[in-house]
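K.L.:
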Amino acid sequence: MTGNPDLALLRQKLASGDGPRFWRSLDAVADSSEFRDYLAAEFPSAARLAAAPERRGFLKLMAASFALGGLTACGSESGRNFEVPYVNQPERIVPGTELSYASSAVFDGFGNGILVTTRNGRPLKIEGNPEHPWSLGGTDVLAQASVLGLYDPFRSQAVQHLGKPSSWAAFRAALQAQMPAWHETGGEGVALLTGPVTSPTVAAQVARMRAAYPALRWFVGAGVGREAIYEGARRAYGRPLETIPDFGRARTIVSLDGDFLDLGPGQVGLSGRWSAARRAAYAKGGLLSLHAAAPTPTLTSAKADYGVPVPAGRLEALARDFLALAGGGAAPAGDDPVSRWARGAGKALIEARGAGLVTAGLTTSPDLHALVHRLNGALGNTGATLRHTAPVAEQGTDSLADLADAMERGAVKVLIVLGANPVYDAPAALDFAARMERVPLKIHAGLYYDETGAHADWHLPTAHPLESWGDVRAVDGTVGLIQPTVAPLYNGRTLQDMLAFLTDGRGSEGGEDALGLLKARWRNEGEDAAAFEARFGDALRRGYWSDSASATEAVALTQAVPPSPVPAADGIEVVFRPDATIWDGTHADLAWLQELPKPLTKIVWENVIALSPHLAEREKIATGDIVRVEAAGRAVEGAAWILPGQDADTVTLSLGYGRNVPDHLSSGLGYDAATLRPVETPWRLTGARLTKTGRRRMPATTQNLGTMEGQDIVRVQAVGAAPVGDPKTAPAPASFYPPPESQDRWVAAQWGMAIDLDACTGCNACVTACQAENNIPVVGRAEVELGRWMGWLRIDRYYAGELDAPTTHFQPVPCMHCEQAPCEVGCPVEATLHDSEGLNLQVYNRCVGTRTCQSYCPYKVRRFNYLDYTGGMTPVQQQQRNPEVTVRARGVMEKCTYCIQRITAARITSAKDAHAPIPDGAVETACQGACPTRAITFGNVADPTSRVSDARKDPREYALLGHLNTRPRTTYLAGLAPAADPTGREG
């Protein structure tokens, strides 16, 4: 495939109705001979099967995937490096059984409730905490990948001084010699830089440090900050505030580049609540409609019932139009797509006064946030469908730009950077690295020896959240507790420990440790010790402090109205976005996330420069062309990616790549978008130039892997229309083959799965959870390019409609566990077969690698180990893997098993209880448990009262490629659309 189809011809083909109804890529619409050959080949090319991968890259990759040597630092300080049997059995630990701890996953300083599954003292898997008031049992990709981050060999493992190994004792001695001078001057010239802080304990420690050094200045910086959100509230209400939507009380939502479904600190809680509200509206015969306008496609805009691409510079004008309409003005005029969308969205808001909701995302301007606050107030939504609370993140700090200015003036004598990476994160215009060199003493503490650590005099390793004590607030203010599940692997310290030492020169060596500091923060004055321990123990078991969410605050709009924006300069508009898998680059060394296909592009192992079909056609740019984006004397180069749904004259640059840390997995991948980020408007750049370099390199993508051909792959149910699901009373088609054993006799359970396409947002949490649970290997960019991506669960992204503004649909595709499975017929050695509970099994030690089953599978869900992706693992390295799941070898086929190890565990438990039936909900697959929107239901389809049976009774339920008579146990519920238009688009 060339990536260079005729866009004008494709646009005409789709408009005329000659193209496919649903399509995954431009190549699929073009239906070129190259694309047909790709489909006909069925298997990835084996031409390079014997070619050896580049040695250095292979070792880096294997280290990340298997935590190469990552557990060698687990020995005690005495140096013991062998295991001995227990003399006295530790309480609650039973060898070989799982033990879960309630804790919190930390995301940009914010927390979500999790349960950490351990076995024999080793953290293995992250699950959602269903009791947590904010996250409600859901997770995101970063929480799922955090267990890999714990064992990541690229983590900082030792104190470094001037780039050479040192020790904590040497650091303590060096600092203790200087701290008297700090006290004498009150901390004059001492600067503390952290990431966003929501932890009450860390905030208390910072307050103690500022009290000890009154002249100390505290700065906060992050690659993805919430400054625009807080500043927008300040301009509207006179003070910074959080905005918490209540989707359950809304009838319509208008998103102005909103991001409540996108990766971020609030994604888990917000997407779960949105899905529940939409499901409740459908049950009542209605639809919680979503109108979205965005300059570049997002997960939020992808799920919109009515969507339109719009320049970022026009969003404020749209908000002003809605505000005028709410005050009795006229609807926007014009016949362009944006004006038509605005009239429909405005009408929906007026009709739903007091039950509407307008949102804006963290990458939008403060003025847009202020206008959105005024609009919600004018419509009567404030206090009804949304509420405001005090900021969760600590306020009263200075910015990264203020710090850069202070360093330039020579006002900073000591710079302490805790958990931040400003040398990489800061906009290039701040020239942070050069200004940092003007500081006499520079101290950096972080999980990684990153760009900032390389420029510091002292680098200190910090403890991972899975090996730390602490606390953290969720977006709604709920305080979650963090507890260690394993001893620190690399002798790291928590931020609380470091702040305590920097305050009094003793820290945990002569004072309280992290647990003591945590308890001291939460013990009430005069509280009895026994009473506190009981209260603390109860909170620790739950994973959070009850009733700790922020209270709703009364608000009143100020009289000031944001001025109209200055017209943008001529040229291309550039918008910056956090990456959908590695965020701002903090998680760039985690191979699971690097090989996780990005939801909308399916790109892996790099970032691309996204542009619209219109701009690509005008500039004669094809996907894979290396293009140059330049402005203000700076430029970045990257591979072009034509993205349907992108605004015509907008280019999107993704953060998180272009890292420059030697011998790290992320080094040399992609471009660094911070090169072009403006200081004043970090999410938008105007007046840029886009040019072709004449070079080409196709990005690695999975978007065409597993392409299925057939009818009704994705179905959409218009509210109030005739059901689009399969008829429930239709007789089963005839078959040449006898029914499987499971249909001949009654057994305890018949397992099946139902996936609600309306609830699926494409967030990828299920994909990462499946990888963590089932020991799925990482294969690297070169292998992905050959079509050898190994994920057991993929999420297909389909477009429908016109090229420039299509609707988007997501479809998770695991193994279907067909009752009439073609793979079972094709296997010559019976390595794939059916069991009595309806599972399609794969017997690894029978498989001889003919791949016949793969060729017979119409769903393309089987994966073959072309190389020994898991070979050479020592027993120590295997501790990171799930011992309940076989690690596969070269030449073996693998696929989704419905997490059979969890089914077996439930069966063993039921056997202990007089072989009682496995209760509904006792078996939860990894993908099901991770999903924040509860799009996946699993259970016993033979039990008419089970949740999965209820889902299969829904008139939207249908079988994927059901006309093939494979009778899949995995079925789907069609997506929902407004009654007027079953494609989900406004007429």
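Residue numbers (my numbering): 27 to 1013.
Note that CB positions come from ideal geometry on N, CA and C, so glycine has one too.
Consider the Cβ of lysine 886: report whether some Cβ of chain C lies at a distance smaller than 7 Å.
P.N.:
The displayed structure is made up of one protein chain only, and chain C is not part of it.
K.L.:
I'd like to know if the stretch 506–525 and the stretch 485–493 are in contact, where contact means that at least 3 CB-CB pairs between them fall below 8 Å.
P.N.:
They touch, by the three-pair rule.
K.L.:
With DSSP collapsed to three states, give me the class of glutamate 153.
P.N.:
Residue state, collapsed to three classes: strand.
K.L.:
Buried or exposed for aspartate 564, please, with buried defined as at least 16 other CB atoms from any protein chain shown within 10 angstroms of its CB.
P.N.:
When all chains shown are included, aspartate 564 counts as exposed.
K.L.:
To the nearest angstrom, report how far apart alanine 961 and glutamate 950 are at their CA atoms.
P.N.:
Whole-angstrom Cα-Cα distance: 13 Å.
K.L.:
Name the DSSP beta bridge partners of glutamate 663, please?
P.N.:
Note: glutamate 663 sits in a beta bridge opposite Arg654.
K.L.:
In angstroms, rounded to a whole number, what distance separates the CA positions of glutamate 656 and alanine 952?
P.N.:
The alpha-carbon atoms of glutamate 656 and alanine 952 are separated by roughly 44 Å.
K.L.:
Leaving out five residues on either side along the sequence, give the residues of the same chain with a beta carbon under 8 Å from the beta carbon of histidine 395.
P.N.:
The residues are Ala254, Ile255, Glu257, Gly258, Ala259, Arg261, Ala262, Ala386.
K.L.:
On the criterion of 16 or more Cβ atoms from any shown chain inside 10 Å, does asparagine 966 qualify as buried, or is it exposed?
P.N.:
Burial call: buried.
K.L.:
Count Cβ pairs between the stretch 873–884 and the stretch 915–935 that sit closer than 8 Å; are there 3 or more?
P.N.:
Judged by Cβ distances under 8 Å, the stretch 873–884 makes contact with the stretch 915–935, as three or more pairs qualify.
K.L.:
At 4 residues or longer, and completely inside the stretch 253–277: list those alpha helix (DSSP H) runs for me, N to C.
P.N.:
Complete alpha helix (DSSP H) runs here, min 4: 253–263.
K.L.:
Does DSSP put glutamate 599 in a helix, in a strand, or in coil?
P.N.:
Three-state result, glutamate 599: strand.
K.L.:
Buried or exposed for alanine 93, please, with buried defined as at least 16 other CB atoms from any protein chain shown within 10 angstroms of its CB.
P.N.:
Interpretation of alanine 93 is limited by its pLDDT of 42, a score under 50 that renders its predicted location unreliable; the figure taken from the coordinates is listed afterwards. The residue in question, alanine 93, is buried, as its Cβ has 16 or more Cβ neighbours within 10 Å.
K.L.:
Just grab the DSSP bridge partners of tryptophan 609 for me.
P.N.:
Bridge partners of tryptophan 609: Asp605.
K.L.:
Quick one: grab the DSSP three-state call for methionine 1031.
P.N.:
In this structure the chain extends from 27 to 1013, so residue 1031 is not present and cannot be described.
K.L.:
With a threshold of 6 Å on Cβ separation, who are the neighbours of asparagine 801 within its own chain once the five nearest residues in sequence on each side are excluded?
P.N.:
Correct list, in chain order: Arg907, Asn908, Val911, Val913.
K.L.:
Applying the criterion that 16 or more other CB atoms from any shown protein chain within 10 Å of the CB defines a buried residue, is proline 315 buried or exposed?
P.N.:
According to the sequence provided, residue 315 is serine. The question's proline does not apply to it. With 16 or more Cβ atoms within 10 Å of its Cβ, serine 315 is classed as buried.
K.L.:
Could you pull the start and end residues of the beta strand (DSSP E) that arginine 811 belongs to?
P.N.:
Checking the sequence, you will find glutamate at residue 811 rather than arginine. Glutamate 811 -> not in any beta strand (DSSP E); alpha helix (DSSP H) instead, spanning 807–811.
K.L.:
To the nearest angstrom, how far is it from the Cα of threonine 326 to the Cα of phenylalanine 273?
P.N.:
If you take the alpha carbons of threonine 326 and phenylalanine 273, they lie about 14 Å apart.
K.L.:
From the DSSP output, read off the bridge partner residues of glutamate 983.
P.N.:
Paired residue(s): Leu999.
K.L.:
Could you please give me the residues that DSSP links to glutamine 837 through a beta bridge?
P.N.:
BP columns for glutamine 837 point to Asp822.
K.L.:
As a quick exercise: from Leu242, Glu268, Thr220, Ala241, pick the residue whose alpha carbon is nearest that of alanine 248.
P.N.:
Of the candidates Leu242, Glu268, Thr220, Ala241, the one whose C-alpha sits nearest the C-alpha of alanine 248 is Thr220.
K.L.:
Taking just the CA atoms, how far does alanine 586 sit from leucine 467?
P.N.:
One C-alpha to the other measures close to 44 Å.
K.L.:
Here's a check: name, in chain order, each residue in its chain whose Cβ is nearer than 6 Å to the Cβ of alanine 229, leaving out the five neighbours to either side.
P.N.:
Around alanine 229: Val223, Glu420.
K.L.:
Would the beta-carbon of leucine 819 fall within 7 Å of that of valine 793?
P.N.:
In this structure, valine 793 lies closer than 7 Å to leucine 819 by Cβ.
K.L.:
Given a threshold of 16 other Cβ atoms within 10 Å of its Cβ, counted over all protein chains shown, does valine 246 qualify as buried or as exposed?
P.N.:
Per the 10 Å Cβ criterion, buried.
K.L.:
On a Cα-Cα basis, can you pick out the residue from Asp166, Gly45, Pro358 that is closest to glycine 955?
P.N.:
Checked all of Asp166, Gly45, Pro358; the closest Cα to glycine 955 is Asp166.
K.L.:
Using the rule of at least 16 other Cβ atoms within 10 Å of the residue's Cβ for burial, across every protein chain shown, is proline 840 buried or exposed?
P.N.:
Proline 840 comes out buried.
K.L.:
Where does threonine 794 fall in DSSP's three states?
P.N.:
In the structure shown, threonine 794 sits in a helix (DSSP, three-state: H, G or I).
K.L.:
Would serine 572 be called buried (16 or more neighbouring beta carbons within 10 Å of its own) or exposed?
P.N.:
With fewer than 16 other Cβ atoms within 10 Å, it is exposed.
K.L.:
Look at alanine 1070 and threonine 520 and say whether their C-beta atoms are less than 7 Å apart.
P.N.:
This structure does not reach residue 1070, given that the chain is present from 27 up to 1013, and the question cannot be answered.
K.L.:
Using only the alpha-carbon positions, how far apart do glycine 611 and glutamate 632 sit?
P.N.:
One C-alpha to the other measures close to 11 Å.
K.L.:
Decide yes or no for the touch test of the stretch 697–705 against the stretch 375–386: beta carbon pairs closer than 8 Å, at least 3 of them.
P.N.:
Not touching, per the Cβ criterion.
K.L.:
Assuming leucine 282 contacts alanine 319 under a Cβ cut-off of 8 Å, what Cβ separation, rounded to an integer in Å, is found between them?
P.N.:
That belief holds up - the Cβ atoms of leucine 282 and alanine 319 are roughly 6 Å apart, short of 8 Å.
K.L.:
Answer yes or no: the CB of leucine 637 versus the heavy atoms of the ligand COA, is any distance below 6 Å?
P.N.:
The model on display carries no ligand, and the ligand COA is accordingly not part of it.
K.L.:
Indicate the three-state DSSP secondary structure (helix, strand or coil) for tyrosine 870 in the structure shown.
P.N.:
Tyrosine 870: coil per DSSP, three-state reduction.
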